[in-house]
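The next block holds one structure in the form of structure tokens; read it before the comments.
In the UniProt record's numbering, the protein residues as written are 1 to 484.
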């Protein structure tokens, strides 16, 4: 499907107009805002020996954006330390509607070829169209792309998503180090929830299963044993590494039901060697029909199964990116989240009131009201709230200082319903809930359970007069009413 409107033009570059100009002049596009030189590779000045910039037709004789429509196994990590990003590409490719929205599949290297492409990212509440040329940094000797590269040498969709991401962060090197959810939210406009594996709830596997049933995108990070980052452990896992999670299943094994998850290493190799790994004895008790039904295959492609018990014992963090309800799925899945998004800005001397410690100005902060019309369960309604601030990756060249942000939530009744909470009210009432802690990251989020009623969310910076734009997003299983 196409990206929702309106779509902004990143750096005011109009893809259609630029392409038309190139076709008329007979010259291939060269992007002046992200040139094919060292400034696009590094945020520190250095020499790039052995690297040349090549267009797809200089890399292979039959380049394609997609081969057979794109697949989770298509792309592999190169020499850039962005495993988190490549793992997210694998997750993105499990949902073709999402993938084609990020990099439209009507782009080719044959008809009307002009050396120009466009990629769409969600950024602070809006979709942006990012224009790039098709020159890729490659090893001079092999002519293979240095960074993300395809399993099939003719396929390039992942290379160009990575290039567009590098462009909005001013260099490829700015992508070194990160977390899966950052890229997944950029690809989808979704909202993320983190789980610390040692503290997974009792229904943790069911949460994973339900998230995948709603087409959420999942990733996991870290390995519990302490080792040097990138070290391959005897069990086949890599310490300090990001993986994608794309399937969960329960199967009969050894006379008991075993919950399993399927994981992929973005290196395209290097797999788990324990129970339920490729070719392990545990699979001998499983019928071929069951193996086929869950998509079990023995191949050295970086993809493997492991038991849920081993999963939570060996990884540190699980990240779930819940998708907005504007996606239509071919399988007709109706299990979608309800979603509300409110954009705003803290301005010095106006509404940047700081946290509750600053009693004279706290009430000036933005206030967003919502109503839960009915309870989902006897305990109440599960609601997920996230607060995002304007953010550029560290060392991106024009990195803006991030603020320490948080939000509080008040339940209101009677005459206070529908009104702003003033200084007097906030002096005499304590908030009912708040996010776990202040954070300087791009986004902070929490899940809550609230009873039917009226509530007010107050997003805050830690100190008064700290300015930045923000976006508050709320996900629920059933609709709620929100006003600003």
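We treat Cβ as the ideally placed atom computed from N, Cα and C, and that holds for glycine.
Rounded separation between residue 378 and residue 156 - CA only: Within the chain shown, numbered from 1, the residue matching residue 378 stands at position 378. Within the chain shown, numbered from 1, the residue matching residue 156 stands at position 156. Pairing residue 378 with residue 156, the inter-Cα distance amounts to about 50 Å.
Beta strand (DSSP E) segment containing residue 412, residue limits: For the purposes of this step, residue 412 is taken as residue 412 along the chain shown, with counting starting at 1. Residue 412 -> beta strand (DSSP E) spans 405-412.
Boundaries of the alpha helix (DSSP H) in which residue 97 is found, first to last residue: As a first step, residue 97 must be located in the chain shown, where it is residue number 97. Residue 97 -> alpha helix (DSSP H) spans 96-102.
N- and C-terminal bounds of the beta strand (DSSP E) containing residue 194: By 1-based counting over the chain shown, the position of residue 194 is 194. Counting along the chain, the beta strand (DSSP E) containing residue 194 begins and ends at 191-196.
Given 8 Å, three or more beta-carbon pairs between the stretch 78-97 and the stretch 270-282: Counting Cβ pairs under 8 Å, fewer than three are found: no touch.
First and last residue of the uninterrupted alpha helix (DSSP H) at residue 15: The residue given as residue 15 occupies position 15 in the chain shown. Looking at the DSSP string, the run of the alpha helix (DSSP H) that includes residue 15 is 15-25.
Residue(s) in a DSSP beta bridge with residue 475: Taking the chain shown and counting its residues from 1, the one referred to as residue 475 is at position 475. 339, 384, per the DSSP bridge assignment.
Sequence-distant residues of the same chain with beta carbon closer than 7 Å to residue 5, five excluded per side: Residue numbering aside, residue 5 sits at position 5 when the chain shown is read from its first letter. Caution applies to residue 5, whose pLDDT of 49 falls short of 50 and renders its modelled position unreliable; the value that the coordinates give is listed next. Closer than 7 Å at the Cβ level, and outside the excluded window around residue 5, lies no residue.
Contact check, residue 551 vs residue 346, beta carbons under 8 Å: No answer is possible for residue 551: it lies beyond the span of the chain, which begins at 1 and ends at 484.
Selection from 113, 169, 423 that minimises the alpha carbon distance to residue 16: Counted from its first residue, the chain shown places residue 16 at position 16. Distances from the alpha-carbon of residue 16 to those of 113, 169, 423 put 113 closest.
Residue 74 to residue 152 span [Cα, whole Å]: In the chain shown, the residue the question calls residue 74 occupies position 74. In the chain shown, the residue the question calls residue 152 occupies position 152. Near 7 Å, if we compare the C-alpha coordinates of residue 152 and residue 74.
Rounded separation between residue 368 and residue 19 - CA only: Counting from 1 along the chain shown, the entry for residue 368 is found at position 368. Counting from 1 along the chain shown, the entry for residue 19 is found at position 19. Per the coordinates, the alpha-carbon of residue 368 lies some 43 Å from the alpha-carbon of residue 19.
Boundaries (first-last residue) of the beta strand (DSSP E) holding residue 368: The residue labelled residue 368 in the question sits at position 368 within the chain shown. For residue 368, the uninterrupted beta strand (DSSP E) segment begins and ends at 368-372.
First and last residue of the uninterrupted alpha helix (DSSP H) at residue 38: Your numbering for residue 38 matches position 38 in the chain shown. Judged by DSSP secondary structure, residue 38 falls within the alpha helix (DSSP H) whose first and last residues are 38-41.
Stretch-stretch touch, CB-based, cutoff 8 Å, three pairs: the stretch 70-87 with the stretch 280-297: With a cut-off of 8 Å, the stretch 280-297 and the stretch 70-87 do not count as touching, because too few Cβ pairs lie within range.
Bounding residues of the beta strand (DSSP E) (the contiguous stretch that carries residue 137): As a working mapping, residue 137 is identified with position 137 in the chain shown. Per DSSP, residue 137 belongs to the beta strand (DSSP E) from 136-139.
Residue 117: first and last residue of the uninterrupted beta strand (DSSP E) it sits in: To locate residue 117, count along the chain shown from 1; it is residue 117. For residue 117, the uninterrupted beta strand (DSSP E) segment begins and ends at 116-123.
With 16 other Cβ atoms within 10 Å as the buried cut-off, status of residue 49: In the chain shown, counting from the first residue as 1, residue 49 sits at position 49. Burial check for residue 49: the Cβ neighbour count within 10 Å stays below 16, so the residue is exposed.
Contact between the stretch 177-190 and the stretch 305-314 (3+ Cβ pairs under 8 Å): The stretch 177-190 is not in contact with the stretch 305-314.
Beta strand (DSSP E) runs contained entirely in the stretch 434-459, provided each spans 3 or more residues: Segments of the beta strand (DSSP E) lying fully in the stretch 434-459: 443-450.
Three-state secondary structure assigned by DSSP to residue 239: In the chain shown, counting from the first residue as 1, residue 239 sits at position 239. The three-state reading of DSSP puts residue 239 in coil, since its state is none of H, G, I, E or B.
Rounded straight-line distance, which links the Cα of residue 411 to that of residue 468: Against the chain shown, residue 468 aligns to sequence position 468. Against the chain shown, residue 411 aligns to sequence position 411. Rounded to the nearest angstrom, the two C-alpha atoms are 27 Å apart.
Contacting residues, own chain, Cβ-Cβ under 8 Å from residue 51 (five flanking each side not counted): Against the chain shown, residue 51 aligns to sequence position 51. Correct list, in chain order: 41, 137, 138, 139, 140, 146.
Nonlocal neighbours in the same chain, by C-beta distance under 7 Å from residue 479, ignoring five residues either side: Counting from 1 along the chain shown, the entry for residue 479 is found at position 479. Setting aside the 5 residues that flank it on each side, residue 479 is surrounded in the same chain by 338, each with a C-beta closer than 7 Å to its C-beta; the list follows chain order.
Cβ-based burial, residue 269 [other Cβ within 10 Å; buried from 16]: In the chain shown, counting from the first residue as 1, residue 269 sits at position 269. Looking at its Cβ environment, which holds fewer than 16 other Cβ atoms inside 10 Å, residue 269 is exposed.
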